[in-house]
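Visitor: Residue numbers (my numbering): 211 to 704. Structure incoming, see below.
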């Protein structure tokens, strides 16, 4: 029976009559329906991620969608494309050699700080093969997980979940593909994005979906100094392992959850080293985990927030900042306080809290040590601190004109003036996460960079990621395949 054809086999005498069923597997659909006498089966093969136009040479391959980055955001989009049986062709480019997630911060005992059902797909399609619970079942870990005395999954386990899902989509991803340039071109009568990666390799896309993640926020005082002795938390584990044994004094700059976790990790990892926690705040603040505040992660909040004026958005941002920024969960704050108290009891203080402290200047001396000029922000007293290494737990940038923001993704720098911008020069992001081109540029979507326009649900967490890609896919379908409705995901058979 050829692919796509209908065929019938005799109906077994003990086969009960049921509604049509669909078995969903990557690359094939098997649909069965039962009448009183026969079981009818349809087998359909597909390759939706392949470009339709094979007349281009490989260097000029054209896809409907070129996704740059294959972290959780674009991975969620790949799931949505597959489950919707979308007719669109797509290809993802990722700079990493293999899929991973937060590999620089997979610290012992650290958790993901949110409900595991807010995963890559469940809020959009709870029946998906790619949900976290199904991952646990498929890998034989479900009952071990259910027996864990934890509120949230371990970060390491969630990273394994991300890798497991990504492993289903490797044929849609070009790994070790470092994109150096995107540029609009006219090719065979089409306005396309030309994407250059690894210096000379090229593909073309009718649309771009940027899922590169947010840029690490490196304070200006450290510009040009980052490396093996001053590094962002993104690179914490790889750099901390490479520190020479003679290192004695390590600093952590910041007051976030990550900052507290890193101080605890350093304390456990190095029994003989001094650790300095520096931040401008009076204290490590407790995160706002009120269920009323967490309604910012409801889908209807996006519509509410998106429609607000810039002044109203700024006001609500100030009110809700403690739900996600410059704050930490009670478990790590309490653990750190107890650790410091134990050190006092033992008479060997190794963790030093330098609160109310700003870094005014930084440099590396001839020995490679970090020299910091500090100011106590309330008393305005100056001091100096020499460290052997410094971890920047200083967060990430958003697409915004505010402090620690960036006006546009770096890849779009040559063309940012060709998109609609606000009065301060930041890109204006539409409700469907697209940008508005001013001179006919091909479409661009931002997948995960839109906190300033869409609210805290777009602040790098998993909370609304599956619903965001659903909105993006709907817009892509409307632009690229008008008149072709997306099919709803079918429940998988057990």
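The beta carbon of each residue, even a glycine, is placed where N, CA and C say it ideally should be.
List the whole-angstrom C-beta distance separating residue 279 from residue 304, where the pair is believed to meet the contact cut-off of C-beta under 8 Å.
Guide: Here residue 279 is taken as the residue at index 69 of the chain shown, counted from 1. Here residue 304 is taken as the residue at index 94 of the chain shown, counted from 1. Indeed they touch by this definition, with Cβ atoms about 6 Å apart.
Visitor: Name the DSSP bridge partner or partners of residue 321?
Guide: Looking up residue 321 in the chain shown gives position 111. DSSP, once it has assigned bridges, lists 364 as partnering residue 321.
Visitor: Output the boundary residues of the alpha helix (DSSP H) element that contains residue 687.
Guide: Along the chain shown, one-based indexing puts residue 687 at 477. Per DSSP, residue 687 belongs to the alpha helix (DSSP H) from 675 to 690.
Visitor: The beta strand (DSSP E) spanning residue 394 covers which residue range?
Guide: Position 184 of the chain shown holds residue 394. Looking at the DSSP string, the run of the beta strand (DSSP E) that includes residue 394 is 389 to 397.
Visitor: For residue 479, report the span of its alpha helix (DSSP H) as first-last.
Guide: The residue you call residue 479 lines up with position 269 of the chain shown. Looking at the DSSP string, the run of the alpha helix (DSSP H) that includes residue 479 is 467 to 479.
Visitor: Identify, in the order they occur along the chain, each residue of the same chain with its Cβ nearer than 6 Å to the Cβ of residue 608, setting aside the five sequence neighbours on each side.
Guide: On the chain shown, residue 608 is found 398 positions in, with the first residue counted as 1. For residue 608, where only same-chain residues beyond five positions count, the Cβ hits under 6 Å are 615, 661 and 662.
Visitor: Please go through the same chain and pick out, in chain order, the residues whose beta-carbon is closer than 6 Å to the beta-carbon of residue 371, but skip the five residues on each side of it.
Guide: Position 161 of the chain shown, counting from 1, holds the residue named residue 371. Closer than 6 Å at Cβ, skipping near neighbours: 342 and 345.
Visitor: Cα separation between residue 391 and residue 621?
Guide: Sequence index remark: in the chain shown, residue 391 carries index 181 (1-based). Sequence index remark: in the chain shown, residue 621 carries index 411 (1-based). Computed Cα separation, rounded: 7 Å.
Visitor: Near residue 618, which residues of its chain fall below 7 Å by C-beta distance, leaving aside the five closest residues on each side in sequence?
Guide: What you label residue 618 is simply residue 408 of the chain shown in a count that begins at 1. So the qualifying residues of the chain are 609, 626 and 637.
Visitor: Can you check whether the CB of residue 465 is closer than 7 Å to the CB of residue 705?
Guide: Not covered by the structure: residue 705. The range shown for the chain is 211 to 704.
Visitor: Nearest by alpha-carbon distance to residue 710: which of 517, 439, 647 and 678 is it?
Guide: No information on residue 710 is available, as it lies outside the stretch 211 to 704 that the chain covers here.
Visitor: DSSP state of residue 610, grouped into three classes?
Guide: Taking the first residue of the chain shown as 1, we reach residue 610 at position 400. In this structure, residue 610 counts as coil in the three-state DSSP scheme.
Visitor: Assign residue 486 to buried or exposed, taking buried as 16 or more other Cβ atoms, counted over all protein chains shown, within 10 Å of its Cβ.
Guide: In the chain shown, counting from the first residue as 1, residue 486 sits at position 276. With 16 or more Cβ atoms within 10 Å of its Cβ, residue 486 is classed as buried.
Visitor: Hey, out of 506, 351, 324 and 320, whose CA is closest to residue 543's CA?
Guide: Your numbering for residue 543 matches position 333 in the chain shown. Closest by alpha carbon: 320.
Visitor: What residue range does the beta strand (DSSP E) around residue 302 cover?
Guide: For the purposes of this step, residue 302 is identified with residue 92 of the chain shown, where counting begins at 1. Taken as a continuous stretch (DSSP letters only), the beta strand (DSSP E) holding residue 302 covers 300 to 303.
Visitor: So residue 559 and residue 467 are supposed to be a Cβ contact under 8 Å. How far apart are they, rounded?
Guide: Looking up residue 559 in the chain shown gives position 349. Looking up residue 467 in the chain shown gives position 257. About 24 Å; that fails the 8 Å criterion.
Visitor: Could you spell out the range, first to last residue, of the alpha helix (DSSP H) harbouring residue 523?
Guide: Along the chain shown, one-based indexing puts residue 523 at 313. Where residue 523 is concerned, the enclosing alpha helix (DSSP H) stretches over 520 to 530.
Visitor: Report back the beta-carbon spacing between residue 690 and residue 512 to the nearest angstrom; my notes put them in contact at under 8 Å.
Guide: Walking along the chain shown from the start, residue 690 turns up at place 480. Walking along the chain shown from the start, residue 512 turns up at place 302. With a Cβ gap of about 23 Å, residue 690 and residue 512 do not count as contacting.
Visitor: Round the Cβ separation of residue 492 and residue 566 to the nearest angstrom and send it over; I've been treating them as touching at under 8 Å.
Guide: In the chain shown, the residue the question calls residue 492 occupies position 282. In the chain shown, the residue the question calls residue 566 occupies position 356. Sure, about 6 Å apart at Cβ, within 8 Å.
Visitor: When DSSP builds the beta bridges, which residues end up paired with residue 183?
Guide: The structure shown does not extend to residue 183, since the chain is modelled only from 211 through 704, so no value can be given for it.
Visitor: Would you mind sorting residue 525 into buried or exposed? The rule is 16 or more other CB atoms within 10 Å of its CB.
Guide: For the purposes of this step, residue 525 is identified with residue 315 of the chain shown, where counting begins at 1. Residue 525 comes out exposed.
Visitor: Could you please give the first and the last residue of the uninterrupted alpha helix (DSSP H) stretch that includes residue 414?
Guide: If you number the chain shown from 1, residue 414 lands on position 204. Segment 411 to 420 is the beta strand (DSSP E) holding residue 414; no alpha helix (DSSP H) there.
Visitor: Based on DSSP bridge pairs, tell me the residues matched to residue 442.
Guide: By one-based count along the chain shown, residue 442 stands at place 232. Bridge partners of residue 442: 602.
Visitor: Any idea if residue 416 is buried or exposed, counting beta-carbon neighbours within 10 angstroms, 16 or more meaning buried?
Guide: Taking the chain shown and counting its residues from 1, the one referred to as residue 416 is at position 206. The residue is buried, with at least 16 neighbouring Cβ atoms inside 10 Å.
Visitor: The alpha helix (DSSP H) that contains residue 354, what's its start and end?
Guide: Locating residue 354 in the chain shown gives position 144, counting from the first residue. Residue 354 -> alpha helix (DSSP H) spans 352 to 356.
Visitor: For residue 514, is the classification buried or exposed, using 16 other Cβ atoms within 10 angstroms of its Cβ as the cut-off for buried?
Guide: Working through the chain shown from its first residue, we reach residue 514 at position 304. Flag for residue 514 reads exposed.
Visitor: Tell me whether residue 567 sits in a helix, a strand or coil according to DSSP, three-state version.
Guide: Numbered from 1 along the chain shown, position 357 holds the residue referred to as residue 567. In the structure shown, residue 567 sits in a strand (DSSP, three-state: E or B).
Visitor: Using the rule of at least 16 other Cβ atoms within 10 Å of the residue's Cβ for burial, across every protein chain shown, is residue 537 buried or exposed?
Guide: Sequence index remark: in the chain shown, residue 537 carries index 327 (1-based). The residue in question, residue 537, is buried, as its Cβ has 16 or more Cβ neighbours within 10 Å.
Visitor: Taking 7 Å as the threshold (C-beta atoms), are residue 582 and residue 595 in contact?
Guide: Stepping through the chain shown from its first residue, residue 595 is reached at position 385. Stepping through the chain shown from its first residue, residue 582 is reached at position 372. Yes, the pair counts as a contact, with Cβ atoms nearer than the cut-off.
Visitor: According to DSSP, is residue 649 helix, strand or coil?
Guide: On the chain shown, position 439 is the one that residue 649 refers to. It is coil, neither helix nor strand.
Visitor: In angstroms with no decimal places, state the Cα-to-Cα distance between residue 426 and residue 309.
Guide: Here residue 426 refers to the residue found at position 216 when the chain shown is read from its first residue. Here residue 309 refers to the residue found at position 99 when the chain shown is read from its first residue. C-alpha separation (whole angstroms): 19 Å.
Visitor: Report buried or exposed for residue 497, applying the criterion of at least 16 other Cβ atoms within 10 angstroms of its Cβ.
Guide: The residue labelled residue 497 in the question sits at position 287 within the chain shown. By the 10 Å Cβ count, residue 497 comes out buried.
Visitor: Going by Cα to Cα distance, which pick from 602, 686, 628 and 676 is closest to residue 433?
Guide: Counted from its first residue, the chain shown places residue 433 at position 223. For residue 433, the nearest C-alpha among the options comes from 602.
Visitor: Is it the case that the Cβ atoms of residue 546 and residue 474 are separated by a distance below 7 Å?
Guide: For the purposes of this step, residue 546 is taken as residue 336 along the chain shown, with counting starting at 1. For the purposes of this step, residue 474 is taken as residue 264 along the chain shown, with counting starting at 1. Cβ atoms of residue 546 and residue 474: closer than 7 Å.
Visitor: If you drop the 5 nearest sequence neighbours on each side, which residues of the same chain put their C-beta closer than 8 Å to that of residue 549?
Guide: For this step, residue 549 is matched to residue 339 along the chain shown. So the qualifying residues of the chain are 474, 477 and 561.
Visitor: Go ahead and label residue 635 buried or exposed: buried means 16 or more other beta carbons lie within 10 angstroms of its beta carbon, across all protein chains shown.
Guide: Against the chain shown, residue 635 aligns to sequence position 425. Exposed, since its Cβ has fewer than 16 Cβ neighbours within 10 Å.
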